[in-house]
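J.: This is the structure, below, for whatever I ask next.
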Amino acid sequence: MTAATTVARLTRRAVIATAGAAFAAGTLMSAALAQPLEKATVGALALSSSGPIFIAKAKGYFEKEGLDVELKMFTSAQQVPVAVTSGDVDFGVTGLTAGFYNLASKGAVTIIAAQSRDEPGFPLSAYMATNAAFEAGLKTPADLKGKRIAITTVGSTFHYMIGLLAQKHGFTVKDVTMVPLQDVPKMVAAFKGGQVDAIIAPSTVSRQLATDGAGKILGWVGDETPWQLGALFTAPKTMKDRRPLVEKFVRAYKTALAEYHAAFNGKDASGALVKGPGYDELLGIIADATKQKPEIVAAGLPYVDPQARLLVDDIVNQVKFWQSEGQVDKALDPKSVMDLSVAGE
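Here the sequence shown stands for residues -24 to -1, 1 to 321, numbered as in mature numbering (1 follows the signal peptide of the UniProt record, and there is no 0).
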């Protein structure tokens, strides 16, 4: 056997060995990629405040974390924590209500990160006066003392907004007449019919009422009384037994929060909102998820913290407010409703 033949055989063996190793590595990689995604469910409302969840789903951020996340849509904020409590969904993201804190007092739900909030310069929720009430002197949010105000339900986010306004201007919710009407369409009907003096309505609703000449916008909740409107939450049992799942979910959620914030929450030197990177794409995702026209969605995009940081002091204030209203057990420690360890707080 010549030296050349020996070298040739050795070379072939090396090539075969290298190819075999590459094939094995490729097989292992394919097997890893073929691993089934871990299933999870999240409950939300079809509102722009749920935007980061819609973005994380549409852009594959959950999948990149190894999760197959199903969205379950609800029609009221209180339905979502009830679904988390029953195990119908693993996570919930929506506005915080007295009902949420009642479930938290029973150890059924815990806040793990922030959602949207009412923030100065972001027209999310408006105080409105009927034309008759405006002509009679209801000119500013402070003038709502003594007036009839339409809300969805006692214990709702609207109830708390009135409470915050009262705290700021030196009166209480007992100084107004809250008229609970179950849903926003009924609130609008009562407003148009003059059965109430005022309403607190989402941006899209209030702007349409003003355009139709049905009433006057007096101001925005974010400018008057900024607060933590919504949160991401789960069951304490999920935090304990499935923490890796929670960590993956929150990482994907925070990626979407940062992207949402960059696209929608930027301002120029004058304080005016400006379009950021990916604005049109992300607006389209939210419009599809909420089944609204992009221009309608754009008119009421809320502020979100890009790192999911919660206004902890406001959560404490919310619990104390509901306790003072007799809506939540006075034994509840406000800080016990939060576990922000996964979100990095």
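Beta carbons: idealized from backbone N, C-alpha and C, even for Gly.
What you are looking at is a predicted structure, and each value in this text was computed from that prediction instead of being measured.
If you compare alpha carbons, which of L100, K123, R183, E301 is closest to E200?
T.: Answer by Cα proximity: L100.
J.: Roughly how many angstroms separate the alpha carbons of P212 and E301, rounded to a whole number?
T.: Spanning the two alpha carbons is a distance of roughly 26 Å.
J.: Does the beta-carbon of L72 have 16 or more other beta-carbons within 10 angstroms, so that it is buried, or is it exposed?
T.: Result: buried.
J.: Would DSSP call V318 helix, strand or coil?
T.: In the structure shown, V318 sits in coil (DSSP, three-state: anything other than H, G, I, E or B).
J.: Relative to the C-alpha of K216, which residue among E14, L140, L21, D66 is closest?
T.: The shortest Cα separation from K216 among E14, L140, L21, D66 belongs to D66.
J.: Any contact between the region 235 to 246 and the region 21 to 37? By contact I mean 3 or more CB pairs, one from each, below 8 Å.
T.: The region 235 to 246 vs the region 21 to 37: in contact.
J.: With contact counted as at least three CB pairs below 8 Å, one residue from each stretch, are the region 307 to 314 and the region 112 to 121 in contact?
T.: Short answer: they don't touch.
J.: Taking a contact to mean a Cβ-Cβ separation below 8 Å, would you say A275 touches S132 in this structure?
T.: The answer is no: Cβ separation not under 8 Å.
J.: Considering only the alpha carbon of each residue, which of D290, F167, M137 lies closest to T148?
T.: The shortest Cα separation from T148 among D290, F167, M137 belongs to M137.
J.: Given this structure, state the Cα-to-Cα distance separating K251 from F240, to the nearest angstrom.
T.: Using only the alpha carbons, I get a separation of about 6 Å.
J.: Could you tell me which of A89, V318, A174, G247 sits nearest to L205, measuring between CA atoms?
T.: Considering only alpha carbons, the answer is A89.
J.: Would you mind listing the alpha helix (DSSP H) stretches within the region 209 to 260 that are 4+ residues and don't spill past its ends, in chain order?
T.: Those alpha helix (DSSP H) runs which fall completely within the region 209 to 260 and span 4+ residues are 212 to 217, 219 to 240.
J.: Have a look at G195 and K82 and give me their C-alpha separation to the nearest angstrom.
T.: Going from the Cα of G195 to the Cα of K82 covers about 37 Å.
J.: Got a sec, what are the start and stop residues for the alpha helix (DSSP H) A109 sits in?
T.: That run of the alpha helix (DSSP H) goes 107 to 111.
J.: Could you spell out the range, first to last residue, of the beta strand (DSSP E) harbouring W203?
T.: It is not in any beta strand (DSSP E) - W203 carries neither H nor E in the DSSP assignment.
J.: What three-state label does DSSP hand E41 in the structure shown?
T.: If DSSP states are grouped into helix, strand and coil, E41 belongs with coil.
J.: What is the C-beta distance between A105 and K168, in whole angstroms, given that I count them as a contact (C-beta under 8 Å)?
T.: Actually they are not in contact, since the Cβ atoms of A105 and K168 sit about 13 Å apart, beyond 8 Å.
J.: Does the Cβ-Cβ distance between I176 and F134 come in under 8 Å?
T.: For I176 and F134, yes; Cβs fall inside 8 Å.
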